[in-house]
Structures are given as structure tokens and as C-alpha cells.
Amino acid sequence: MTMRYTYKEYLQLPGDCSCEIINGELFAMTPAPTVRHQLVLRNILLILADRLKGNGCEVISAPCDVLLSEGEKDIEDTSTIVQPDIFVVCDKSKLKEKYCLGAPGLIVEIVSPSRPSMDYVKKLHIYEKYGVKEYWIVNYKQQEVMVYKLCGNEYGVPKTYVNGYIEPGIFGDLMLALKDVFA
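In the numbering used here, the protein residues as written are 38 to 220.
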């Protein structure tokens, strides 16, 4: 029988364990990201932080836990804990001292070459299930960004950006130039 992990067990993991829990299943995160991954992360983080300054939203980067709860009475029973590369929260009541409780408005994942299915499949379904309004999958090797937008309870067909500007739907007229993302 496979152990089902919750936030309670997650907190008891060794401090050097870089892990996420999805539907009670423990996943070791990939080894240290590449320099290119970190440069793209920095570019997106700085652009979003600059453009969203003063609008009441917070732009946060990993490592920071996001607890996606199914209404458990005790937070320790939460069985999905992720650490997105970047997330944006406009409802500051979700931000606690050590984690974000509930779906951020935007999650950005930069594809890890060692396990792309985690971002393209597993996390796509999890973020959709928990109501993340917009999910970006950034592939720096292909220099493309796939943007999924929540329509009702499910993501519509993604829009793939390979040049020009990314137009996040949840922030009004905000646009990000792809050349700046991949600079």
C-alpha cells in the first residue's frame, strides 16, 4: 500500500527534501535548475513585479508552498502542496506566514527538461481542478509560452506564444514581450 502524504507529513520531511505532494503522492523535485531556467524565471518575475506594482497583487517565486485544499477542516490534512516557479496572488488573505492557502490567480511553471510531463500533464490537471485562473507553461528550449485560461471549471484551448506579446487575461491590458522573457 502506498503512503498518502498530507501537509502534516510534508512538514516532517528532512529540510533538504525538495518535494511536492500531489493528491497525496510525494514527488521529489528535479535537481538544481539550469542557469537558463533561473534567468527566464528572473525575467518573468521582474516584469510581473514591475507591471503589477501598486495593484494589490503579490508576485512570489519558489520556493514557497501553495496548499491546494479541498475544504479539509484541518490544514494539516491538505494533500496537494506545490511550489510553482512563480505565482501571483491578488487575494492577500490567502497569504499566510509560510504558505499560500488556495489557488493563486496565475501560476507560471518553467519546464524542467528532465520531467516535462509534470508541467504539461500532472500540474495542468491539478491547477485546473483547484481553479487557478491562468496557468503558463514556459519552455525556454522552444522559446514558447503556453497560456491556459480557466473558462468555468476547465481550461480552454491554450494559446501558444512564440513571438510578440503574452497577453495575460486576468490583469487587464498587461502585456509581456517574449523577447524580454527569453532575453
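Just so it is clear, CB atoms sit at the ideal spot from N, CA and C, and this is done for glycine as well.
Out of I203, K45, N176, A220, the CA that lies nearest to the CA of M212 is found in I203. A distance below 7 Å between beta-carbons, with the five flanking residues on each side excluded, links G206 to the following residues of its chain, in chain order: E171, K186. Boundaries of the beta strand (DSSP E) harbouring A65: 62-65, taken from the DSSP string.
Contact holds between the region 44-64 and the region 113-123, because three or more Cβ pairs, one in each stretch, are under 8 Å apart. Under DSSP, N176 shares a beta bridge with E181. Its chain contains M66 as the residues whose beta carbon lies nearer than 6 Å to that of S55, once the 5 sequence neighbours on both sides are disregarded; these appear in chain order.
Inter-residue distance for F219 and K110 is about 42 Å (C-alpha atoms, whole angstroms).
For L161, there is no enclosing beta strand (DSSP E); the residue is found in the alpha helix (DSSP H) stretching over 160-166.
Scanning its chain for C-beta atoms nearer than 7 Å, with the 5 sequence neighbours on each side dropped, one finds around E191 the residues E165, in chain order.
Checking the DSSP bridge columns, you'll see Y192 partnered with L187.
Bridge partners of D102 according to DSSP: Y136. With contacts defined by Cβ atoms closer than 9 Å, V125 and V103 do not form a contacting pair. Put simply, of H162, Y198, C127, S106 the residue whose alpha carbon is nearest the alpha carbon of G139 is S106. Going by DSSP, L82 is part of no beta strand (DSSP E) but of the alpha helix (DSSP H) stretching over 72-88. Membership of E46 in the alpha helix (DSSP H) is indicated by the continuous run 44-48.
Ranked by how close their Cα comes to the Cα of A99, the residues V158, K135, H162 have K135 in first place. In this structure, the alpha-carbon of L83 lies about 10 Å from that of D217. Distance from the CA atom of E181 to the CA atom of Q49, rounded to whole angstroms, is 38 Å.
The beta carbons of V119 and I163 sit closer together than 9 Å.
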